[in-house]
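Trainee: If you're matching them up, the sequences are chains A and B in order. Under the numbering used here, the first residue of the first sequence carries the number 18, and numbering increases by one thereafter. Under the numbering used here, the first residue of the second sequence carries the number 18, and numbering increases by one thereafter.
2 protein chains.
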Amino acid sequence: MTSPSRPAPPPDCPLEHYLHVVSGAWVPRILWFLRFGPRRFGDLRRDLRGISTKVLTSKLRTLEADGLVSRRELTTSPRHVEYALTERGLAFEPVFEAMIRFSHRLAELDGAVPAERR
Amino acid sequence: MTSPSRPAPPPDCPLEHYLHVVSGAWVPRILWFLRFGPRRFGDLRRDLRGISTKVLTSKLRTLEADGLVSRRELTTSPRHVEYALTERGLAFEPVFEAMIRFSHRLAELDGAVPAERR
DNA sequence: GGGGGTGGTAACCGTTTGGTACCTACTTGT
DNA sequence: ACAAGTAGGTACCAAACGGTTACCACCCCC
Numbered sequence: 018m019t020s021p022s023r024p025a026p027p028p029d030c031p032l033e034h035y036l037h038v039v040s041g042a043w044v045p046r047i048l049w050f051l052r053f054g055p056r057r058f059g060d061l062r063r064d065l066r067g068i069s070t071k072v073l074t075s076k077l078r079t080l081e082a083d084g085l086v087s088r089r090e091l092t093t094s095p096r097h098v099e100y101a102l103t104e105r106g107l108a109f110e111p112v113f114e115a116m117i118r119f120s121h122r123l124a125e126l127d128g129a130v131p132a133e134r135r
Numbered sequence: 018m019t020s021p022s023r024p025a026p027p028p029d030c031p032l033e034h035y036l037h038v039v040s041g042a043w044v045p046r047i048l049w050f051l052r053f054g055p056r057r058f059g060d061l062r063r064d065l066r067g068i069s070t071k072v073l074t075s076k077l078r079t080l081e082a083d084g085l086v087s088r089r090e091l092t093t094s095p096r097h098v099e100y101a102l103t104e105r106g107l108a109f110e111p112v113f114e115a116m117i118r119f120s121h122r123l124a125e126l127d128g129a130v131p132a133e134r135r
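(1) Report all residues from its chain with a CB closer than 6 Å to the CB of residue 64(A); omit the five preceding and five following residues, and keep chain order.
(2) Let me know if residue 53(B) comes out buried or exposed under the rule of 16 or more other beta-carbons within 10 Å of its beta-carbon.
(3) So, is the C-beta of residue 190(A) closer than 8 Å to a C-beta in chain B?
(4) Leaving out five residues before and five after residue 111(A) in sequence, what residues of the same chain have Cβ atoms less than 7 Å from its Cβ?
(5) Hey, is the stretch 117-126 of chain A in contact with the stretch 106-126 of chain B, meaning 3+ C-beta pairs nearer than 8 Å?
(6) Alpha carbon to alpha carbon, what distance is there between residue 31(B) and residue 117(A)?
(7) Can you name the start and end residues of the alpha helix (DSSP H) that residue 126(B) belongs to?
(8) Note down the Cα distance separating residue 102(B) from residue 66(B), rounded to an integer number of angstroms.
(9) Counting only beta-carbon atoms, is residue 118(A) nearer than 8 Å to chain B?
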């Protein structure tokens, strides 16, 4: 035990800044599906196959609190609620692109097909 | 009718590909510190303030199994083990850059003009 | 042979995260 | 009237994740 367990909290680290917002298994996936445009609650639930309504609700609430996602109730026939990326949420776009480049690069290094076909 | 699109789960989805490798609270941080060059076990433990040796070991094992990190035992006086990014691990670099851009962009939106127009 | 530093391993436990099941409230269609 | 679809909320659990505490093996130095 050389150093005290928790002596210095991170000052202004971009990594911590990022990880504070994007944690857990579902948040990246939610943002992923929202980048294609506004999406309704039920749509997201079907997009993210396997997510429970409880978790989807809580994650959307968190993202709304963090200002990455906006919630809009539509005055439509059964009642629709539309979720969309805010301007802050759109800041996530470079990360999506990077994740795509990452997985393409890994596929490339695996020596498999050039990721364009399949 | 209810859902305009329920696109099938792409078996080679870049997002899932990415998330398979980078999950949990510590893995991104470990990769972050390794990108500056090879690092010894104890160095990483000090870099990642608060991580336990158990978790650090298990994460490094996983990263090694995924081929993102290499492990090398040095024949030095006390005994050193050096971890480094492999070529596959270097594919993560765009993600780092994107995370940095993300946090800068958020800071920009926080501190600057509230230009909420569209 | 004791102390200190390295790099772990194993057992146990607590917190966090997510899942299941059941519920409300409203609206539309039959 | 009643079923079905919309968007949730709540209570209760299960599993994953991570932390704590020990302890080991090795090496060097004194």
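Heads up, the beta-carbon is just placed ideally off N, CA and C, and yes, glycines get one too. Since this is a predicted model, take the numbers as computed values, not measurements.
Mentor: This is what the structure gives:
(1) 50
(2) exposed
(3) Nothing can be reported for residue 190(A): it is not among the residues displayed for chain A, which extend from 18 to 135.
(4) Result list for residue 111(A): empty, nothing under 7 Å.
(5) yes
(6) 5 Å
(7) 110-128
(8) Between residue 102(B) and residue 66(B), the C-alpha separation is close to 20 Å.
(9) yes
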